[in-house]
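Residue numbers (the working numbering), protein chains in the order written: chain A, 30 to 126; chain U, 13 to 372.
Structure (structure tokens):
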């Protein structure tokens, strides 16, 4: 049986092998391919997903985004966690193998 | 007329051959024999054209696609073009070595149909002795090979009482997704609809079970609930809209905007073995016919839901009303809505159980 992946500050999320983030040359857009689903992440989602490489912790991801967007950690942290938990609950993220 | 955007997905029905004889099958009643199937080279050429056209996901289906011994080659051709591949299988006689070979060829995901949550129901519907045991084994192999698994449970009167058991079964099989797919009445299923349509109270109970499980299993099991059209208030967005995002290629290469489109009389279809796929997608009169919103009746055209459901299913509109441009009768706004509901109510009350099993 599968288990729910909890996004806590120490989690190191990654896209599992069967969830692919790839650039679509024809449409000039990034796309996520998953079982029976095709998703088109917007720019912010894309910036978050690209940091989900299985080595960075949630803390580090938030830190990186705060720097890139010139925002306070506290301003973005809740949104990032919510976004990632939502993706995890749709089984599009997993812990690093 | 503006050119359509690139298509996202294809349902590739590689063969009509199948070890099962499910009476709910959506394949046409006139099945194509093996000698009508395309060669490996032709399929690879068509699939490459599909990738050029912008297709991102291909659902390899049938019949039973694993009966094609060249399936690995087709998967490999798609994988080399970064196209996401989904195998839709009945899971009969599939060795672990074969599944591993498909994975090595680049297969991304497996959808396994299970006809009942118990051996008795699976065998009654599929008419295959030991079918259930083989499916359990296939599920195990799929997971052992590290492939994600979707369990597809086609729901009708003879297994609607097993929905809770299907959920437990999907969990036990370590599935990622469960499709509680109320049967869509096309092809053999349309022929058998009186013997398959469930009763309203069972449908309502089923919805409640699925909703509760969806909450309880958040993040553990994904649910895809295909609503029962005959008891629906609004139609489903069939194919995501006619010739909008996806299309179907059947075993002899005929290209369809929807897998039941051949049931609509008066339409003609191109063949991908003869006509370039781009030409079919962009200029086929049949694809153009119900694309967008211009063809719609006033009921649909003036309705804000048209962006969501695209007027529903053309094949169902034709089957029930005789006019494919009508609003899908699954919609409460259709003047034919009662007709659909009455068929279901009558069928489930009379409950005949003599199936015409699917056969070539």
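All residues carry an ideal CB built from backbone N, CA and C; glycine is no exception. Since we're looking at a predicted model, the values are computed, not measured.
Are any of the Cβ atoms in chain A nearer than 9 Å to that of residue i?
| i | result |
| --- | --- |
| residue 126 of chain U | no |
| residue 461 of chain U | In this structure chain U extends from 13 to 372, so residue 461 of chain U is not present and cannot be described. |
| residue 189 of chain U | yes |
| residue 192 of chain U | no |
| residue 18 of chain U | yes |
| residue 234 of chain U | yes |
| residue 200 of chain U | no |
| residue 186 of chain U | yes |
| residue 162 of chain U | yes |
Take residue i as the anchor and find which of the options has the nearest alpha-carbon.
| i | options | result |
| --- | --- | --- |
| residue 164 of chain U | U/207, U/156, U/157 and U/151 | U/151 |
| residue 25 of chain U | U/77, U/311 and U/67 | U/77 |
| residue 78 of chain A | A/100, A/117 and A/64 | A/117 |
| residue 116 of chain U | U/185, U/144 and U/87 | U/87 |
| residue 263 of chain U | U/35, U/46 and U/225 | U/46 |
| residue 81 of chain U | U/299, U/189 and U/51 | U/51 |
| residue 119 of chain A | U/157, U/227 and U/208 | U/227 |
| residue 6 of chain U | U/298, U/286, U/208 and U/224 | The requested residue 6 of chain U does not occur in the structure, where chain U is confined to residues 13 to 372. |
| residue 37 of chain U | U/104, U/119 and U/168 | U/168 |
| residue 157 of chain U | U/108, U/40 and U/83 | U/108 |
| residue 210 of chain U | U/353, U/28 and U/61 | U/353 |
Any beta-carbon of chain U closer than 9 Å to the one on residue i?
| i | result |
| --- | --- |
| residue 53 of chain A | yes |
| residue 32 of chain A | yes |
| residue 92 of chain A | no |
| residue 60 of chain A | yes |
| residue 109 of chain A | no |
| residue 117 of chain A | yes |
| residue 64 of chain A | yes |
| residue 42 of chain A | no |
In whole angstroms, what is the alpha-carbon distance linking residue i and residue j?
| i | j | result |
| --- | --- | --- |
| residue 366 of chain U | residue 140 of chain U | 17 Å |
| residue 106 of chain A | residue 71 of chain A | 18 Å |
| residue 337 of chain U | residue 346 of chain U | 12 Å |
| residue 70 of chain U | residue 289 of chain U | 15 Å |
| residue 56 of chain A | residue 20 of chain U | 11 Å |
| residue 126 of chain A | residue 122 of chain U | Unreliable placement is indicated for residue 126 of chain A, whose pLDDT of 47 sits below 50; the coordinate value is still reported in the next sentence. Near 21 Å, if we compare the C-alpha coordinates of residue 122 of chain U and residue 126 of chain A. |
| residue 57 of chain U | residue 265 of chain U | 11 Å |
| residue 74 of chain U | residue 16 of chain U | 27 Å |
| residue 108 of chain A | residue 273 of chain U | 44 Å |
| residue 95 of chain U | residue 43 of chain A | 21 Å |
| residue 49 of chain A | residue 67 of chain A | 10 Å |
| residue 370 of chain U | residue 335 of chain U | 27 Å |
| residue 261 of chain U | residue 281 of chain U | 11 Å |
| residue 331 of chain U | residue 92 of chain U | 40 Å |
| Does the region 162 to 179 of chain U touch the region 116 to 135 of chain U, meaning 3 or more C-beta pairs lie closer than 8 Å? | The region 116 to 135 of chain U makes contact with the region 162 to 179 of chain U; the number of CB pairs closer than 8 Å reaches 3 or more.
| request: Flag this pair as touching only if the region 58 to 69 of chain U and the region 223 to 232 of chain U have three or more C-beta atom pairs under 8 Å; answer yes or no. | output: At 8 Å Cβ cutoff, the stretches do not touch.
| Of all the residues that make up the region 94 to 124 of chain U, which are near chain A by a beta-carbon distance shorter than 7 Å? | Listed in chain order, the positions of the region 94 to 124 of chain U with a beta carbon within less than 7 Å of a beta carbon of chain A are 94, 96, 98, 120 and 121.
| At least 3 beta-carbon pairs within less than 8 Å: the region 339 to 358 of chain U vs the region 240 to 250 of chain U | Result yes; three or more Cβ-Cβ pairs closer than 8 Å.
| request: Count the C-beta pairs between the region 203 to 216 of chain U and the region 290 to 306 of chain U that are closer than 8 Å, then say yes if the count reaches three, no if not. | output: In short, these stretches do not touch, since the Cβ pair count stays below three.
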